[in-house]
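Numbered by the working numbering, the letters in the sequence shown go through residues -15 to 260 in order.
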Amino acid sequence: MCMSALGRASHRPPSLKIAHIMPGSIIEEAAYIDRMATVRGSWVGPKTYVGAMTEVSHSFAWGAGLENWRLASFIEVTDDFLLASLKQQPFGGARCGPATRLLALVLMVVTTPLALMSMAWSRLARQRAAFTRTLVILPPPGTQDRYTRTAPLHALNGMRGLFSRWPELWRVWRGEMHLVGNRPLTPARAALLGDEFEQLWLGCSAGVFSLADVANDGLQDHEAALAHAAYYSVQRSFWMNLRILMRCLPRFLTLRPEHDGSVASTAIKTHNACHA
-15 MCMSALGRAS HRPPSLKIAH IMPGSIIEEA AYIDRMATVR GSWVGPKTYV
35 GAMTEVSHSF AWGAGLENWR LASFIEVTDD FLLASLKQQP FGGARCGPAT
85 RLLALVLMVV TTPLALMSMA WSRLARQRAA FTRTLVILPP PGTQDRYTRT
135 APLHALNGMR GLFSRWPELW RVWRGEMHLV GNRPLTPARA ALLGDEFEQL
185 WLGCSAGVFS LADVANDGLQ DHEAALAHAA YYSVQRSFWM NLRILMRCLP
235 RFLTLRPEHD GSVASTAIKT HNACHA
């Protein structure tokens, strides 16, 4: 487990109050490494707090998320004295209601045979893992002034298009996502969001389906992705959600492969490309 990557530094003289940044480490803007902490061969994301006497080794640390790149394992640290986010995200929207959660569960159960076929195809025919996993930011729903939360988001490895997001329905059932919202971003891509217009991407709850999916161009074009996300965050309503759902569900159920259905990380280019 990647818990081994996060521990208390030991055998340090009590008088030593400085943090230790070892070679091969990258500390991003506004990150805070507390006294007697050690960062060894790791990347610490922007606005991330590494606690006093904490050691981060061979890992990517972002907010409360910690991924050990040697062991390919991920945990979310719940002790803010060890690792925490210093960045407060805007209000992530209301938690989805019981009807939405029940619809997601029914949709997941009904389509389980298709998902099982996809998993079997990946494992037996293609000799690949049944799922792919991407670390994303999920804006906390239903609560004001919550810190950024990172979570692993799974997708079906043997499918393309919207049906690859089938595992995300479980997060809707648990109340962590909505059926309709803005697509989750990876921490690295979220860090590239600049002004208030771009930050609107995180202004509502993450969703399985998005306005960009209806246009079917948001996952390829940077400017269109930002425009769709910002427009939805400001104008979202029950009727808009219903229209998006009615457009996306047929494509989800018929397995149409318009695009790869991946997390919207590809929608945000590098900082230089965005401002070229």
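C-beta atoms are modelled at their ideal positions from N, C-alpha and C, and glycine is treated no differently.
Assumed close pair residue i, residue j - CB separation to whole angstroms, cut-off 8 Å
i: Thr118; j: Thr170; result: 6 Å
i: Glu182; j: Leu210; result: 6 Å
Residue i versus residue j: straight-line alpha-carbon distance, rounded
i: Ile2; j: Gly35; result: 12 Å
i: Ser26; j: Tyr16; result: 14 Å
i: Asp179; j: Val192; result: 25 Å
i: Trp157; j: Arg149; result: 14 Å
i: Trp154; j: Phe236; result: 15 Å
i: Lys31; j: Ser194; result: 28 Å
i: Glu160; j: Gly187; result: 15 Å
i: Asn141; j: Arg112; result: 8 Å
i: Ala174; j: Arg110; result: 33 Å
i: Ala48; j: Gly29; result: 10 Å
i: Tyr216; j: Val93; result: 29 Å
i: Leu146; j: Met224; result: 19 Å
i: Thr38; j: Leu86; result: 42 Å
i: Ala190; j: Asn166; result: 5 Å
i: Arg130; j: Arg54; result: Confidence is the limiting factor: at Arg130 the pLDDT is only 43, short of 50, which leaves the residue's position unreliable and the question unanswerable from this model.
i: Cys80; j: His162; result: 6 Å
i: Ala52; j: Arg220; result: Per the sequence presented here, residue 52 reads as Asn, with Ala not at that position. When rounded, the distance between both Cα atoms is 38 Å.
i: Glu60; j: Leu122; result: 13 Å
i: Thr96; j: Ala213; result: 30 Å
i: Glu152; j: Ala199; result: 21 Å
i: Ile228; j: His4; result: 50 Å
i: Leu203; j: Leu177; result: Because Leu203 carries a pLDDT of 48, less than 50, the predicted location of this residue cannot be relied on, and the following value inherits that uncertainty. Using only the alpha carbons, I get a separation of about 16 Å.
i: Ala83; j: Pro168; result: 22 Å
i: Gln128; j: His206; result: With a pLDDT of only 40 at Gln128, under 50, the local geometry of the prediction cannot be trusted, and the value read off the model is given with reservation. Approximately 29 Å, taken between the alpha carbons.
i: Val218; j: Ala14; result: 29 Å
i: Arg107; j: Val90; result: 26 Å
i: Asp18; j: Ala172; result: 22 Å
i: Phe222; j: Leu50; result: 36 Å
Start and end residues, beta strand (DSSP E) containing residue i
i: Pro136; result: Thr134 to Leu140
i: Glu60; result: Ser57 to Glu60
i: Glu51; result: Gly49 to Asn52
i: Phe181; result: First-last for Phe181: Glu180 to Gln183, but that is the alpha helix (DSSP H), not the beta strand (DSSP E).
i: Glu39; result: Thr38 to Ser41
i: Ser69; result: Leu67 to Ser69
i: Phe147; result: Here Phe147 belongs to no beta strand (DSSP E), and DSSP marks it neither H nor E.
i: Arg261; result: For the chain, the structure presents residues -15 to 260; residue 261 sits outside this window and is missing.
i: Arg117; result: Phe115 to Ile121
i: Leu163; result: His162 to Val164
Residue interval of the alpha helix (DSSP H) (run including residue i)
i: Ile228; result: Phe222 to Leu237
i: Thr96; result: Thr96 to Ala104
i: Leu153; result: Glu152 to Trp157
i: Glu207; result: His206 to Gln219
i: Ala174; result: Pro171 to Ala174
i: Val198; result: Leu195 to Ala199
Top-ranked residue by Cα proximity to residue i, from the options
i: Ala56; options: Asn166, Leu210 and Pro136; result: Pro136
i: Ala88; options: Val164, Gln111 and Phe44; result: Val164
i: Ala114; options: His138, Gly81 and Met92; result: His138
i: Ala208; options: Trp185, Trp46, Ala45 and Val40; result: Trp185
i: Phe44; options: Glu182, Glu12 and Arg107; result: Glu12
i: Ser41; options: Thr22, Met143, Val218 and Ile228; result: Thr22
i: Phe58; options: Asp18, Val120 and Leu210; result: Val120
i: Gly8; options: Arg24, Ala14 and Met20; result: Arg24
i: Cys232; options: Pro168, Ala213, Val218 and Ala196; result: Ala196
i: Arg144; options: Phe222, Thr238, Ala213 and Ala172; result: Thr238
i: Ser69; options: Met6, Ala172, Ser106 and Tyr33; result: Tyr33
i: Trp46; options: Thr134, Phe222 and Met230; result: Thr134
Below-9 Å beta-carbon distance, residue i vs any chain D residue
i: Met101; result: In the displayed structure, chain D is absent; only one protein chain is listed.
### Query
So, do the region 90 to 103 and the region 56 to 66 have three or more beta carbon pairs nearer to each other than 8 Å?
Look at the beta carbons and you see the region 90 to 103 not touching the region 56 to 66: under three pairs across the two are nearer than 8 Å.
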